[in-house]
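First the structure, in the form of structure tokens, and then the observations on it.
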Amino acid sequence: MAHVLLRHRDIPNLNQLDVYQKNGGFEAFKKAITAMKPNEVTDVVKASGLRGRGGAGFPTGMKWSFIDNKNWPHYVVANADESEPGTFKDREIMESNPFQFLEGLAIASYAVGANAAYIYLRGEFWQVAALLDEKIADMEKAGLLGEKLFGSDYSLKIYTHLGAGAYICGEETALLESIEGKRGQPRIRPPFPPAYGLYGKPTIVNNVETFTNVPLILANGAEWYKSMGTPDSAGVKIFSLSGRVKKPGNYELPFGTTFRELVYNYGGGILDDRPVKAIMPAGASSSLIVVDDKALDTPMDYASVRTLGADLGSASVIVIDDTVSIDWVINKTIHFFKHESCGKCTPCREGNHWMMHLTERIHSGEGSQNDVSLLLNVAKQMQGKCLCALGEFATMAVVTGIERFPQDFQKAVKA
Amino acid sequence: MSLAQKYPNEVNQILAKYPPEHKRSAVMPLLYLAQREEGYVTKDALKDIAQMLDITETDVASIVGFYSLYHDHKAGKYRMQVCTDLPCALRGADKFLADLCGNLGIQVGETTPDGLVTLEAVTCLAACDKAPMFQTQGPDGIQYHENMTVDKTLELIEALKSAGKEVK
Ligand SMILES: Cc1cc2nc3c(=O)[nH]c(=O)nc-3n(C[C@H](O)[C@H](O)[C@H](O)COP(=O)(O)O)c2cc1C
Ligand code: SF4
Ligand code: FES
């Protein structure tokens, strides 16, 4: 099947403006501005069933319809922070199919009446930001950005903004704080960004992949989009496959593709043909799924993955084989979260500190079964008490690791 | 010399990105500019940026402290930041880093005796399918180096060494 998002894999040089335009590029943006009212654009996106690709899966059209039309100006922000361990899809989109992303961002801006859009990239994407700046300049020269677009009264500017190495800035309110020139710490919500966002103004934040779906949805219609995927999870998704597979990489597939197809057909199976032991479907923030035949045959859509006691999230599928011990896995994830906790609230700051201390001890072979119980207890104590989802994420692998793979911890601790 | 004197065009371009009443937003791009030459943000640069944006030096310093790509002290000309996060570690990143340390004769966090490379271990860089990998942060920005081996890394270090000589 032809790609919807990774179209550069089918069409050479799609990252050149003339090639992109020859393949229908910016027709949807033109159609929106010249033939549709802003709310009609939102209605098409709503009808398509598109859900946010940044992790939470919130319905995109519905989010756009929440924009507060009594307070102006409005902003649109693209979340290109892409820092969840195991996620590397937005980078491929921006590097290789940048105009489709930019067109989606432009259409969203028109739909919610924003005349300025910001792309927030993690600081490590320094080269990607430089490339996007070039592409934005190409669009300005071609009259696709700027004043009075396509003879209308609508104007739009797009700017890039580089972060500087902080996972928490992927959380949308921390991201907005960061653009405002502050430390990237989450805001207390409500109010949510569509009411109170960048500079206190109504703001729509979406993930890069979410925006990249929009031009084709507008061009081909909501029904076309819904014909792919499952009723609960419409359309296609980029699965970032990593870990102990032969062919790691990004695979664009319809929602509902099974884990088995992803790991074996696309990923080429497991290194040294070992058995799969565990899968983390949503990066380091994920619960650990115990892999058996039933799990492998589970379709990857939001509802089905939940039946395995995990969330699909950003679909960053980390594959773990039987050579790996789960106490080592959670030591890695806690290292990450301890490093990335922003320190604003005590349960997350202190909890991660203690969890790291304990996973270190357990992993080094110095721990006891009491340490394992204490670790589980600390993680459970944190749940429901943190200001943002990072605190919650930090506990997922710990709790599910200890509860679902107890034998690994028994082996790791001193008798 | 102030940043505005040294890089007038870049400073203007940065300020033009944000509404004039929210010029504080320019603090992050200005900090990147400030650490371009020395590899870290000097005391003078803190003061300079604070003045330009009408915020306090403490405000600027707290930004430097919060984000891991800003530095308040000198290190090697290039920071070589090897990803050892879970997905990369599942593909041999820890061994790669240990072997590299052995070859360079330094530990993680240390700098080669010639001052060229500081070796660091970092969290996921969104290149998990191309492990082992690292980024170099230096005077010419941030570059990715993917599907690396120790040999390829040593070659890169040689290239960085001779590149520095040409400039000087
Ligand atoms: C700790 C944390 C990190 C996050 N990181 C990202 C990220 O890197 N990229 C992203 O798009 N969303 C990330 N999110 C989700 C955003 O807060 C937000 O829900 C998303 O950008 C909304 O866009 P979407 O509806 O298109 O998914 C993160 C959330 C949390 C709590
Ligand atoms: S939960 Fe953690 S990351 Fe989120 S606000 Fe609290 S300390 Fe910061
Ligand atoms: S884990 Fe190393 S780049 Fe993602």
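Sequence order for the protein chains is A and B.
Numbering of the first sequence is given in my numbering, commencing with residue 1 and proceeding in unit increments.
Numbering of the second sequence is given in my numbering, commencing with residue 1 and proceeding in unit increments.
Just so you know, even glycine gets a beta-carbon here, dropped at the ideal spot from N, CA and C.
Between the region 116-123 of chain B and the region 157-164 of chain B, do at least 3 Cβ pairs fall closer than 8 Å? yes
For E166 of chain B and V112 of chain A, what's the separation of their Cα atoms in angstroms? Summary for E166 of chain B: the model assigns pLDDT 47, below 50, so the residue's position carries little reliability; its value from the coordinates is reported in the next sentence. Whole-angstrom Cα-Cα distance: 52 Å.
Run down chain A in chain order and give the residues with a C-beta less than 9 Å from the C-beta of R24 of chain B. E180, G181, K182
Taking the straight line between their C-alpha atoms, what separation do you get for Q5 of chain B and M300 of chain A? 55 Å
List, in chain order, every chain A residue whose beta-carbon is nearer than 9 Å to that of F96 of chain B. Near F96 of chain B there are no residues of chain A at all, since even the closest Cβ is about 15 Å away, more than 9 Å.
So, is the C-beta of T210 of chain A closer than 8 Å to a C-beta in chain B? no
Does any residue of chain B have a CB that is nearer than 8 Å to the CB of H3 of chain A? no
Provide the residue span of the beta strand (DSSP E) that contains V82 of chain B, from first to last. 78-83
Counting pairs of Cβ atoms below 8 Å between the region 238-252 of chain A and the region 262-275 of chain A, do you hit three or more? yes
What does Q201 of chain B touch in chain A if you count any residue whose Cβ is under 8 Å from its own? The structure shown does not extend to residue 201 of chain B, since chain B is modelled only from 1 through 168, so no value can be given for it.
Going by the beta-carbon positions, is the gap between R24 of chain B and I49 of chain B smaller than 8 Å? no
Give the C-beta separation of T84 of chain B and A75 of chain B to the nearest angstrom, bearing in mind that I take them to be a contact with Cβ-Cβ under 8 Å. Going by Cβ atoms, the distance from T84 of chain B to A75 of chain B rounds to 18 Å, so no, they are not a contact pair.
Find out if the Cβ-Cβ distance for the pair I289 of chain A, A295 of chain A is shorter than 8 Å. yes
What do you get for F125 of chain A, buried or exposed, if any count of 16 or more other CB atoms within 10 angstroms of its CB means buried? buried
Residues of the region 70-90 of chain A in Cβ contact with chain B at a cutoff of 7 Å, in chain order, please. E82, S83, P85, G86, T87, F88
Quick one: which residues of the region 111-141 of chain B get their C-beta closer than 9 Å to a C-beta of chain A? List them in chain order. V122, T123, C124, L125, A126, A127, C128, D129, K130, A131, Q135, Q137, G141
Name the chain A residues that come within less than 9 Å of Y67 of chain B, Cβ to Cβ? G123, G163, A164, G165, A166, C169, S178, R183, G184
For M280 of chain A: DSSP bridge partner residues: A:I318
Which listed residue (B:L86, B:C101, B:E120) has its alpha carbon closest to that of P109 of chain B: It should be noted that the sequence gives Gly, not Pro, for residue 109 of chain B. Measuring from the Cα of G109 of chain B, the nearest candidate turns out to be B:E120.
Chain-ordered chain B contacts of A284 of chain A [CB-CB under 8 Å]: D85, L86, C124
Looking at chain A, is there any beta carbon in it that lies within less than 8 Å of the beta carbon of K17 of chain B? yes
For chain A, check one thing: does any of its Cβ atoms lie closer than 8 Å to the Cβ of M148 of chain B? no
Does the beta carbon of M133 of chain B fall short of 7 Å from some heavy atom of ligand 3? yes
Y32 of chain B versus chain A: which residues are under 9 Å apart at the beta carbon? G123, W126, L162, A164
For the alpha helix (DSSP H) that Y32 of chain B lies in, which residues bound it at each end? 27-34
Beta-carbon contacts of N250 of chain A that lie in its chain and below 8 Å, excluding the five residues immediately before and after: L6, F88, K89, E92, I238, F239, S240, L241
Candidates A:N206, A:N13, A:A32, A:L176: which alpha carbon is nearest T60 of chain A's? A:N206
Inter-residue spacing [alpha-carbon to alpha-carbon] between C388 of chain A and Y120 of chain A: 19 Å
Within 8 Å (strictly less), CB to CB, does P29 of chain B reach chain A? yes
H353 of chain A at chain B interface by Cβ criterion, 8 Å: no
Where G151 of chain A falls: helix, strand or coil (DSSP): helix
Less than 8 Å between the C-beta atoms of G170 of chain A and N79 of chain A, yes or no? yes
Compare the C-beta of S304 of chain A with all C-beta atoms of chain B and state if any pair is closer than 8 Å. no
Would the beta-carbon of S109 of chain A fall within 8 Å of that of V76 of chain A? yes
6 Å Cβ shell around K168 of chain B - same chain, five flanking residues per side excluded: Caution is warranted here: a pLDDT of 38 is assigned to K168 of chain B, below 50, making its placement in the model unreliable, and no coordinate value can be reported.
S341 of chain A Cβ short of 7 Å to ligand 2 heavy atom set: yes
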